[in-house]
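Visitor: Structure provided below as structure tokens; questions to follow.
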Amino acid sequence: MLPCPCMSPINPDQLYLYWQIQETVVDAFINGEASRSYQDRMYHNRTKLFVRENSTCSLLLSQLSVKDEKTYECHHGSPDITRDDVSLLVAANYTSPVLQVPSEQPRGHYTCTATGGFPEATIHWLLDNQPLPWNPKPQQSVLDESTGRYNVTSTLAANISQDSTLTCIVENKRLHVNLSQTLSKADSFFVFLLCNCFVSE
């Protein structure tokens, strides 16, 4: 819900209400009824006003996507018009990170990947639950133009002992959400066991 307090008391039959993004019309209510003649098609069947039900100028915008992150203008009043600006911030969670291990453990490149989130996330690495004493390679972030969401990847060149635990954490600061994946001693042993069996055959 995008909040916009109408001046009280409200007379819906005389109210002028326009929600806009610069020149783009998101929704409107004029002289007692909804007016969607000039509504941009991007917002068709996605908006709802509650002037008569709740005596408010607030706007409900549904089916949100990253592209909806904008500053919205609420023009309202009768006869004097007041403008209120509302900034909408959008966030989308990432998939659970995938931690890929080198084919020849423990030495090699460890890769942590998460997809489909917004805004751009930051990947952190922990070794035995402590920050790494060295830096990984620069993080790669790819923007999917069709969805506006990010795919993020971090690569760590390291020689990790079998007794260590390696964790990658994908941090979405806007959602205050951290997603993690851990490679434990048991995981390392399992991989080595498979490799040894394969070689012995």
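Sequential numbering from 0 applies to the sequence shown in numbering that gives the first Met the number 0. Idealized CB from N, CA, C, for every residue including glycine.
Would you kindly report the start and end of the unbroken alpha helix (DSSP H) that includes Val50?
Guide: 50-53
Visitor: Run through DSSP, which three-state label would Lys47 get?
Guide: strand
Visitor: Could you check which residue in Ala156, Pro137, Pro132 has the C-alpha nearest to that of Ile122?
Guide: Pro137
Visitor: For His74, write down the residues that DSSP places opposite it in a beta bridge.
Guide: Tyr17, Arg82
Visitor: With a threshold of 8 Å, are at least 3 pairs of Cβ atoms found where one atom belongs to the segment 137-147 and the other to the segment 45-63?
Guide: no
Visitor: What span of residues does the beta strand (DSSP E) with Gly147 cover, start to end?
Guide: Note, Gly147: premise wrong, no beta strand (DSSP E); not H, not E.
Visitor: My guess is that Pro96 and Leu178 are in contact by the Cβ rule of under 8 Å, so how many angstroms apart are they, rounded?
Guide: Indeed they touch by this definition, with Cβ atoms about 6 Å apart.
Visitor: Quickly, what does DSSP pair Asn171 with across the bridge? List them, please.
Guide: Val176
Visitor: Under the assumption that Cys167 contacts Ser153 (Cβ atoms under 8 Å), give the Cβ distance between them as a whole number of angstroms.
Guide: 7 Å
Visitor: Please list the terminal residues of the continuous beta strand (DSSP E) segment that includes Ser140.
Guide: Taken as a continuous stretch (DSSP letters only), the beta strand (DSSP E) holding Ser140 covers 139-143.
Visitor: Could you check what DSSP says for Pro96 in three-state terms: helix, strand or coil?
Guide: coil
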